[in-house]
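K.L.:
Note that the sequence shown ends on residue 344 in the working numbering; no numbers are left out. We put the CB at the ideal spot given by N, CA and C, even for glycine.
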Amino acid sequence: MQKSDYKNMWVYIEHDGQTAAPVGLELCCELRKLCDVTGDRLFAVILDKLPDAEVEKVKDCGIDGIIQVNGTGYEYFNTDAWANAFTVLSRKYNPSAIFVGGTINGRDFAPRFAVQLDTGCTSDAMELAYDPETGDIQFIEPAVGGKIMAVITVPVKRPQVGTIRPGTFKYAPTGRKTEIETIEEEINFDPEAIRCRRVGFIPDESDPELDIANADCVVCVGNGLKDSEHLERYRRLARLLGGKIGCTRPLYDRGILPYKLQIGQSGVMVKTKLYLSFGVSGAVNHTAGVDADVFIAVDKNPDAQIFNYCDYGIVGDMDEVCDELIARLSARKE
Ligand SMILES: Cc1cc2nc3c(=O)[nH]c(=O)nc-3n(C[C@H](O)[C@H](O)[C@H](O)COP(=O)(O)OP(=O)(O)OC[C@H]3O[C@@H](n4cnc5c(N)ncnc54)[C@H](O)[C@@H]3O)c2cc1C
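#1: Quick test of the definition: if touching needs 3 or more C-beta pairs under 8 Å, does the segment 89 to 107 touch the segment 185 to 201?
#2: With a threshold of 16 other CB atoms inside 10 Å of the CB of glutamine 28, please say whether the residue is buried or exposed.
#3: When you compare each of Asn88, Lys43, Tyr84, Asn80 to aspartate 74 by their alpha carbons, which one comes out closest?
#4: Go ahead and pull the three-state DSSP assignment for alanine 307.
#5: Report all residues for which the CB-ligand distance to some heavy atom of ligand 1 is below 5 Å; order them along the chain.
#6: Quick one: give me the first and last residue of the alpha helix (DSSP H) that glycine 34 is part of.
#7: Taking the continuous alpha helix (DSSP H) assigned at cysteine 131, which residues delimit it?
#8: Could you pull out every unbroken beta strand (DSSP E) segment of at least 3 residues lying fully inside the segment 57 to 140, listed in chain order?
#9: Ends of the beta strand (DSSP E) at tyrosine 322?
#10: Around the C-beta of isoleucine 56, are 16 or more other C-beta atoms found within 10 angstroms, so that it is buried, or is it exposed?
#11: For the beta strand (DSSP E) that contains lysine 254, what are its first and last residues?
#12: Tell me where the alpha helix (DSSP H) around lysine 343 begins and ends.
#13: Give me the Cα-Cα distance between lysine 67 and cysteine 45, rounded to the nearest whole angstrom.
Structure representation (structure tokens):
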């Protein structure tokens, strides 16, 4: 088969039986734009039953169709049944590209079905483009420590598979198509052949302070921080602003803050009204994870890269500036 024989793009809609994970909706919104350029049709792929109200939300994202898969093996997430379903579907319909949210589950099964289909899988793209000369999707992401933006393609094989981190693209529904095709497929995977067993279920009850993706305000602490004893003032500032604290990768590497608070390409993507960074140099691996209405940066180095990204820059010692902000905000609240 030629590359041009493969048509249409698919987005996997991850769900827990009740709610569609936002990343699937974000991907549908972004892929709608790409499909309008390539002329492909956009399909949402749903494994097992998703409540109708949630399916309606998916439809609002401008999809052309839904592939609904039912059968055995989908009682709980397992990489065997999921990878098999996409392999079987893909061999039948020959899509040009398949996009999967870069969640724990998505990052598990997407490369597996890509291997089964003998094609390429790329992860963590921050931007997608289309090369009309080759017909390839360009997966664009920072590389070499953020010094370059790498353009990754799957130049020979199809489908082109990509996992994309939650929050990378905006959930901005463009409106519903008047005609949405529905394809029902039954793909049975023998439950006995599933190589993992669910022995129990413990809901994620982690500290809400660790959920910073959509916090109204984020105070981000960078490697300029001397040690953990200096951290409390930033927590205080975050509290005063009604926000949450986040960090760059070195702070996680140094064991000062948990991974869930790392913002950037290999951490969480944040969408926020106000982003304040302290002692953050501005590597693209970090700034790629920030979508802020207002970005204020504090750094002692006037040439720091971060000053190219921010709306307001303050050159100075991070602790001193933080203390001053706390003093002024506290005075206002009194
Ligand atoms: C594949 C890959 C993925 C990555 N993913 C991520 C990611 O998800 N998130 C992430 O953050 N990084 C990521 N990185 C690392 C990234 O490239 C940078 O190394 C990192 O973001 C730098 O963090 P920083 O700005 O806090 O530290 P530094 O670059 O060390 O900058 C510290 C800054 O603090 C300033 N400073 C020092 N002392 C003071 C003071 N007293 N007052 C004021 N300013 C001061 C310095 O002038 C400097 O600008 C990734 C790298 C790779 C290769």
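P.N.:
In short, the structure shows the following:
#1: Between the segment 89 to 107 and the segment 185 to 201 there are three or more C-beta pairs closer than 8 Å, enough to call the two in contact.
#2: With fewer than 16 Cβ atoms within 10 Å of its Cβ, glutamine 28 is classed as exposed.
#3: Nearest of Asn88, Lys43, Tyr84, Asn80 to aspartate 74, Cα basis: Lys43.
#4: Assignment of alanine 307 by DSSP, reduced to helix, strand and coil, places it in the strand class.
#5: This criterion selects Gly155, Gly156, Gly232, Asn233, Gly234, Thr258, Arg259, Pro260, Gly274, Gln275, Ser276, Gly277, Gly289, Val290, Ser291, Ala293, Asn295, His296, Asp309, Lys310, Asn311, Ala314, Asp327, Met328.
#6: Per DSSP, glycine 34 is one residue of the alpha helix (DSSP H) stretching across 32 to 48.
#7: No alpha helix (DSSP H) holds cysteine 131; the beta strand (DSSP E) holding it covers 131 to 133.
#8: With a minimum length of 3 residues, the continuous beta strand (DSSP E) runs that stay inside the segment 57 to 140 are 75 to 80, 107 to 111, 131 to 133.
#9: Counting along the chain, the unbroken beta strand (DSSP E) around tyrosine 322 starts and ends at 322 to 325.
#10: Buried, because 16 or more other Cβ atoms sit within 10 Å of the Cβ of isoleucine 56.
#11: First-last of the beta strand (DSSP E) with lysine 254: 254 to 257.
#12: Bounds of the alpha helix (DSSP H) holding lysine 343 are 328 to 343.
#13: In a straight line, the C-alpha of lysine 67 is about 19 Å away from that of cysteine 45.
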